[in-house]
Structure formats: C-alpha cells, structure tokens
Amino acid sequence: MSLNIETIKFSPSFTDQSPGTSGLRKKVKIFKEKHYTESFVQSILNSIGPELKGCKLVLGGDGRYYVKEATELIIKMCAANGVGKIIVGQNGILSTPAASHLIRKNKAIGGIILTASHNPGGPTEDFGIKFNISNGGAAPTNITNKIYEISKTLKEYKLIPNLNCNLEKEGVSIFKIGSNITTEVEVINPVKEYVELMKEIFDFEAIRKLFDGKEYGGKPFKIIIDSMHGVTGSYAKQIFEKELGAPEGSVINGITLEDFGGGHPDPNLTYAKELVDRISKGDQDFGAAFDGDGDRNMILGPKAFFVTPSDSLAILAANLSVIPYFKRNPIKGFARSMPTAAAVDRVGEDLKIPVYETPTGWKFFGNLLDSGKASLCGEESFGTGSDHIREKDGIWAALAWLSVIASKKQSVDQIMTDHWKKYGRNYTLRMDYENVDSSGADKLMSDLEAKITASSFKGTKLGDGPNTYTVKLGDNFSYTDPTDQSVTTKQGLRILMVDGSRIVYRLSGTGSSGATIRVYLEGYESDPNKVHVPRDVILDGLMNIAITVAKIKEYTGRDKPTVIT
Numbered sequence: 001m002s003l004n005i006e007t008i009k010f011s012p013s014f015t016d017q018s019p020g021t022s023g024l025r026k027k028v029k030i031f032k033e034k035h036y037t038e039s040f041v042q043s044i045l046n047s048i049g050p051e052l053k054g055c056k057l058v059l060g061g062d063g064r065y066y067v068k069e070a071t072e073l074i075i076k077m078c079a080a081n082g083v084g085k086i087i088v089g090q091n092g093i094l095s096t097p098a099a100s101h102l103i104r105k106n107k108a109i110g111g112i113i114l115t116a117s118h119n120p121g122g123p124t125e126d127f128g129i130k131f132n133i134s135n136g137g138a139a140p141t142n143i144t145n146k147i148y149e150i151s152k153t154l155k156e157y158k159l160i161p162n163l164n165c166n167l168e169k170e171g172v173s174i175f176k177i178g179s180n181i182t183t184e185v186e187v188i189n190p191v192k193e194y195v196e197l198m199k200e201i202f203d204f205e206a207i208r209k210l211f212d213g214k215e216y217g218g219k220p221f222k223i224i225i226d227s228m229h230g231v232t233g234s235y236a237k238q239i240f241e242k243e244l245g246a247p248e249g250s251v252i253n254g255i256t257l258e259d260f261g262g263g264h265p266d267p268n269l270t271y272a273k274e275l276v277d278r279i280s281k282g283d284q285d286f287g288a289a290f291d292g293d294g295d296r297n298m299i300l301g302p303k304a305f306f307v308t309p310s311d312s313l314a315i316l317a318a319n320l321s322v323i324p325y326f327k328r329n330p331i332k333g334f335a336r337s338m339p340t341a342a343a344v345d346r347v348g349e350d351l352k353i354p355v356y357e358t359p360t361g362w363k364f365f366g367n368l369l370d371s372g373k374a375s376l377c378g379e380e381s382f383g384t385g386s387d388h389i390r391e392k393d394g395i396w397a398a399l400a401w402l403s404v405i406a407s408k409k410q411s412v413d414q415i416m417t418d419h420w421k422k423y424g425r426n427y428t429l430r431m432d433y434e435n436v437d438s439s440g441a442d443k444l445m446s447d448l449e450a451k452i453t454a455s456s457f458k459g460t461k462l463g464d465g466p467n468t469y470t471v472k473l474g475d476n477f478s479y480t481d482p483t484d485q486s487v488t489t490k491q492g493l494r495i496l497m498v499d500g501s502r503i504v505y506r507l508s509g510t511g512s513s514g515a516t517i518r519v520y521l522e523g524y525e526s527d528p529n530k531v532h533v534p535r536d537v538i539l540d541g542l543m544n545i546a547i548t549v550a551k552i553k554e555y556t557g558r559d560k561p562t563v564i565t
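Numbering (UniProt numbering), first residue to last: 1 to 565.
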C-alpha cells in the first residue's frame with residue numbers, strides 16, 4: 001500500500017490556541033472540532049523549524065478520553081512532516097515524568113504530551129496538548145508564544161491518512177513514505193525505562209526493608225498509594241508492589257480509565273477523599289496520591305497526617321543526602337514557586353545552599369536545573385521534583401519520602417514535628433475559586449492591583465484585635481532569571497506583612513474554561529512549643545482579610561471557595 005502525504009487546507013485560522021501554563025487545554029468537544037487538533041499540532045511542528053526533518057520525537061499521554069485517537073492522528077502528522085523516529089507509549093500511554101526522561105535519554109527534539117494534568121477527563125471534560133523541548137521540560141514562553149502566533153495564521157496541515165500503527169503491541173514499525181522518506185515508529189512499554197531510572201536514583205533495598213518490618217520498629221510498614229485512575233497505576237503497581245514488596249492491594253484506583261472513574265484526579269484532601277478516609281482509620285503508616293498524568297503528589301502520614309507541599313519540599317531539602325543519587329551528585333540549590341511557603345528557605349539558609357523564588361510553572365525551573373543552579377524544586381500546587389528530569393514527578397516524591405523514613409526510622413508526623421521544632425513552622429492555606437466568570441475574575445485582579453500597589457497602602461493596618469497586620473508591601477510579583485537575565489512580570493499579587501505573613505492572589509493558567517482564582521495564605525511560628533497550634537488559629541484572621549480586601553464575594557458571587565487545601 002502506497003503511503004503519500006496529503007496537505008489539508010482549511011479556513012479560517014483558529015485564534016484561541018494560546019498555550020497556558022502547561023500547554024493548550026480545552027474541552028474534548030473543542031479538540032474534536034474539524035481541523036482543531038490538527039491546527040495546533042501542525043503549529044507545534046512548524047515551530048521546530050528545519051531541525052524537524054529526521055528528528056526523534058516522544059509521544060504519549062495520561063490515558064484520558066481522546067488520547068488514543070489523538071495519538072494515532074499525531075503519528076500520521078509527524079510522519080508527513082518528516083519526523084525520523086516517533087517513540088510512543090503503548091496504547092498512547094505515557095506519564096509526564098516518563099516522557100521527560102525519554103526525551104532526555106533518546107536526545108529527542110522534544111515531545112508531544114497529551115494531558116490536561118489534574119483536570120477531569122471524559123467525553124464532556126478536558127483534554128490538553130503540550131510540547132516539551134529537548135531538555136525534557138515544558139516549552140518556555142518564547143516557544144509557546146511562537147506556536148500561538150503560527151496557529152493564528154495557519155491555513156493548512158500535513159498528514160498521511162492511511163498510515164496505521166498498532167499501538168497495542170511493543171515493537172518497531174518502519175514506514176516508507178513516497179519514494180524517499182522513511183519514518184520509524186517505536187511502541188514502547190511505558191513503565192520499564194522509568195522504573196529503571198528510579199532504581200538508579202533510590203536505594204530500593206533500603207526501602208524494601210521497611211515493608212518486612214525489620215527496620216521499622218519491628219512491625220511491617222504499611223502504605224496506601226492512590227493513582228486516582230490516572231496514568232500512574234501501572235507504574236505504581238510495578239514499583240511499590242512488585243519491586244519494593246508492598247502487599248498486593250497497596251495501590252488503589254490503579255486502573256487507568258478514560259474518565260478517571262468519574263473522579264477529579266487532583267491529589268488534594270478534597271478530591272483524594274477515598275485515600276484520606278482509608279488512612280484515617282489508622283491502619284497505614286504512609287499514603288500518597290498522584291494526579292492524572294503523574295507529575296503531582298500528596299503525602300500523608302498515619303491517621304491522614306497531611307504534609308503540605310511546602311513542608312514536603314523543605315523535608316526533602318533537609319534530607320536529600322540520604323538518597324544515593326544526591327551522594328553522587330552534590331546538591332547545588334533549591335527552588336520554589338512564589339506562592340510556595342518559605343519553609344525551604346530556612347533549610348537553604350541553614351545548609352548554606354542557595355534558594356531561588358520563581359513564578360508559577362515548572363518551566364521556570366528549567367533554566368536553573370539546566371545551568372546547575374538547582375537540584376530540587378517544588379511548588380505548593382503539589383509538585384516536587386529534582387534534576388533527574390525536567391518535570392515534577394509524583395512517584396519520585398513518594399520514593400524520596402520513603403527513603404527519608406527508611407533512613408530516620410521515624411513516622412511521617414515525627415519527622416515533620418522534629419523539622420518544625422528546628423526550623424519553625426510555615427502555616428499555609430490555599431483557597432481555590434474554580435470556574436468563576438472570567439470577566440469578574442479579571443476585574444477583581446485589576447482593581448485589587450490598583451489598591452495594593454498605591455503608595456498609601458503601605459503601612460495600612462488590616463484586621464482587628466489580635467489578628468491585626470501591618471502592610472509592608474503590596475506588589476505584582478516579577479522575576480529576573482539569574483541564568484539569562486530575562487524578566488517575567490505580572491506573576492501574582494502579593495500583600496506582604498511586617499511580621500512575615502503574606503497573602504497572594506493568582507489567576508490559574510491550568511483550567512479549560514472560566515477562571516480559577518487562587519488565594520494563598522502564609523503565617524510563621526518560630527516557637528518550638530507552639531508548632532502544633534491548629535492552622536485556623538494562625539490563619540483565620542488572615543483569611544478574613546484576604547476575602548475582604550479583594551471583595552471576592554462581590555466580584556465572583558461565591559460565598560466560599562470550591563477547594564481549600
């Protein structure tokens with residue numbers, strides 16, 4: 001059968017394909033509109049330029065609805081555009097961390113990852129496409145802007161309609177296109193190489209001893225891992241049950257489903273309720289949950305002791321040296337996103353290791369990692385990772401925690417308490433107002449910025465009684481990248497208080513419709529005898545101020561947040 005390239009023309013061009021923080025995210029029905037997916041994929045391929053011819057490219061996604069169909073389409077388009085080799089996960093499945101690793105290992109030009117991350121999946125829900133560059137990380141702003149500009153004028157795309165590749169079976173297929181073009185498609189086991197990478201990083205034998213009870217108080221260490229019916233199910237079963245020896249059934253919701261079982265695959269206390277309820281009973285010592293594409297994580301200790309992402313980052317920073325990878329690769333620095341609490345800053349100061357504060361979005365860590373300035377990065381939105389890849393990595397974070405537990409032979413809550421007594425405790429809370437009217441959200445942010453950046457706002461006293469705060473500064477956060485001096489502005493409104501407390505407001509870039517307003521609160525307690533004071537005692541006053549100053553109810557019509565973490 002002859003395989004020939006067809007050029008499909010269409011009109012008008014699409015004007016709504018601007019990638020957000022992590023690619024283009026829309027409802028499935030939009031991606032399935034005629035020419036829509038093809039337009040964005042062709043824009044990605046065009047943005048690569050002449051280097052596309054004969055290159056290697058990684059492809060796969062989180063298993064949500066439309067992943068397999070889109071994978072098949074993208075293979076037809078990549079072959080038509082001269083890609084030399086496409087490395088694709090079996091059945092189109094590939095976690096985002098695994099994709100990053102494959103891009104780096106195979107020296108690929110980049111990867112197309114099909115995911116809407118932690119957003120719901122299904123025929124009426126969300127889909128997403130993002131492009132990762134050759135370092136394995138999400139495309140930076142200059143590249144996503146280029147893709148967007150191409151999409152606004154694109155009028156045609158290329159594909160080979162009758163090129164069909166069996167995605168169900170591992171192996172290599174070679175396709176001859178026309179008279180002189182050859183494309184190779186390699187369908188790989190999506191789990192195998194990622195597991196091998198984890199074995200190079202961690203001491204699996206030390207972790208394995210936890211589960212036989214010999215190294216943890218004479219009793220077996222019990223875990224529960226919730227894959228939330230996302231992509232990590234097969235990875236988690238292989239690593240935690242088969243490689244490390246946790247009992248069968250330790251991994252729950254481990255079958256990847258197109259609609260994530262009707263759930264919301266976002267690992268937080270609200271959406272991972274099954275995990276929280278099960279570990280609350282006191283039968284397990286450790287719990288972890290991962291999101292749809294496997295890059296986010298939530299860590300829980302006995303009786304659902306919740307480790308905030310900011311604290312998780314700080315604990316790992318203080319204990320990285322117990323992990324073999326970091327014994328071979330000295331720790332260079334730590335980095336956190338601006339809304340992430342400053343707990344890791346105190347660790348960095350103690351260890352005399354630099355800490356960088358960046359805008360939200362893992363891509364902002366890329367330059368720091370590539371230039372050797374950072375070894376560990378984290379963000380309050382449940383993302384943690386190291387320089388082993390250029391994405392956050394949920395399973396990596398769980399294995400890192402288990403490494404710390406195996407080394408200290410202490411429970412999660414004991415480890416956390418000892419850390420707070422040494423460094424103090426950064427109390428944090430995040431309120432998400434999801435899918436609010438975009439115009440109201442924009443108006444809230446613009447009016448709030450005008451209020452807090454006015455010269456008269458500095459020195460203002462907010463709140464009442466014992467919960468009175470004095471404003472030190474109000475601004476819109478900007479970032480100067482220390483590696484190339486590039487400047488990124490308007491990254492979140494901050495109200496910084498004289499006592500170190502703060503309130504941060506951001507519009508999220510990860511939704512597919514409407515707007516999500518995120519409000520972050522942070523307070524600090526240095527007294528080692530007060531580190532177990534309930535969070536609401538520390539932050540309730542700050543919460544009331546945050547809601548009142550921004551007039552959230554007036555602008556959004558919402559009496560309460562959708563999610564509080």
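Even glycine gets a Cβ: it sits at the ideal position worked out from N, Cα and C.
Bear in mind that the values here come from a model prediction, so they are computed numbers and not experimental data.
Thinking C-alpha only, which one of Phe-31, Arg-494, Tyr-479 and Ile-495 is nearest Thr-488?
-> Tyr-479
In three-state terms, what does DSSP make of Leu-462?
-> Strand at Leu-462.
Could you name the residues of the same chain whose beta carbon sits closer than 6 Å to that of Lys-53, not counting the 5 residues immediately before and after it, in chain order?
-> Gly-82
Tell whether a beta-carbon distance below 8 Å holds between Asn-132 and Ile-113.
-> yes
At least 3 beta-carbon pairs within less than 8 Å: the stretch 308-321 vs the stretch 275-286 = no
Selected residue, minimal CA-CA separation from Lys-408, among Phe-40, Leu-210 and Lys-26 | Leu-210
Leaving out five residues on either side along the sequence, give the residues of the same chain with a beta carbon under 8 Å from the beta carbon of Glu-193.
-> Ala-98, His-101, Leu-102 and Lys-105
Reducing DSSP to helix, strand and coil, say where Asn-162 ends up.
-> coil
Any idea what DSSP makes of Ile-30, helix, strand or coil?
-> Correct three-state label for Ile-30: helix.
Is Cys-78 helix, strand or coil by DSSP?
-> helix
Coarse secondary structure for Asp-16, derived from DSSP in three states = coil
Identify, in the order they occur along the chain, each residue of the same chain with its Cβ nearer than 8 Å to the Cβ of Arg-296, setting aside the five sequence neighbours on each side.
-> Apart from the 5 residues on each side of it in sequence, Arg-296 sits with its Cβ closer than 8 Å to the Cβ of Ser-117, His-118, Asp-266, Pro-267, Phe-290, Ser-381, Phe-382, Gly-383, Lys-392 and Gly-394 in its chain, given in chain order.
Where does His-532 land, buried or exposed, given buried means 16+ other C-beta within 10 angstroms?
-> When all chains shown are included, His-532 counts as exposed.
Which whole runs of the beta strand (DSSP E) in the stretch 474-528 are 3 residues long or more, in chain order?
-> 493-497, 502-507 and 515-525
Three-way DSSP call (helix, strand, coil) for Phe-305 in this model | strand
Taking Cβ positions, are Lys-332 and Ala-374 nearer each other than 8 Å?
-> yes
Identified DSSP bridge partners for residue 570 | Beyond the ends of the chain as shown, which are 1 and 565, falls residue 570; an answer cannot be given.
Quickly, what does DSSP pair Glu-6 with across the bridge? List them, please.
-> Leu-159
In terms of alpha-carbon separation, which member of Glu-186, Ser-234, Lys-461 and Leu-244 lies closest to Ile-207?
-> Leu-244
For Arg-494, does the count of other Cβ atoms within 10 angstroms reach 16, so buried, or fall short, so exposed?
-> buried
Cut-off 8 Å between Cβ atoms - residues of its own chain near Leu-57, not counting five sequence neighbours on either side | Cys-78, Val-83, Lys-85, Ile-86, Ile-87, Ala-108, Ile-109, Gly-110, Gly-111 and Ile-112
Spatial neighbours of Asn-467 in its chain, beta-carbon cut-off 6 Å, leaving aside the 5 residues before and after = Gly-541
Under the rule that 16 or more other beta-carbon atoms within 10 Å means buried, what is Lys-155, buried or exposed?
-> exposed
Phe-127 - partner residues in DSSP beta bridges | Lys-26
Are the beta-carbon atoms belonging to Pro-19 and Tyr-148 less than 8 Å from one another?
-> yes
Residue interval of the beta strand (DSSP E) (run including Met-416) | Not the beta strand (DSSP E): Met-416 falls in the alpha helix (DSSP H), residues 412-423.
Integer-rounded CB distance, given that Thr-483 should sit under 8 Å from Leu-376 = Actually they do not touch by this definition, with Cβ atoms about 17 Å apart.
With distances taken between CB atoms, is the gap from Gly-378 to Thr-556 smaller than 8 Å?
-> Going by C-beta atoms, Gly-378 is not nearer than 8 Å to Thr-556.
Between Arg-25, Thr-340, Tyr-427 and Met-298, which lies nearest to Pro-534 when the distance is taken from Cα to Cα?
-> Tyr-427
Run of the beta strand (DSSP E) containing Phe-175, from where it starts to where it stops = 171-177 is the span of the beta strand (DSSP E), which, as asked, contains Phe-175.
For Arg-390, is the classification buried or exposed, using 16 other Cβ atoms within 10 angstroms of its Cβ as the cut-off for buried?
-> buried
With distances taken Cα to Cα, identify the nearest neighbour of Met-445 among Pro-309, Arg-506 and Gly-514.
-> With distances taken between Cα atoms, Met-445 lies closest to Arg-506.
Select from Glu-525, Leu-448 and Leu-300 the residue whose C-alpha is nearest the C-alpha of Ala-343.
-> Measuring from the Cα of Ala-343, the nearest candidate turns out to be Glu-525.
Along the chain, which unbroken stretches of the alpha helix (DSSP H) at least 4 residues long are found entirely within the stretch 50-98?
-> Complete alpha helix (DSSP H) runs here, min 4: 67-80.
How long is the line joining the alpha carbons of Trp-362 and Ser-337, rounded to whole angstroms?
-> 8 Å
Proximity to Asp-203 [Cα-Cα], best of Trp-401, Phe-477, Gln-485 and Asp-311 | Trp-401
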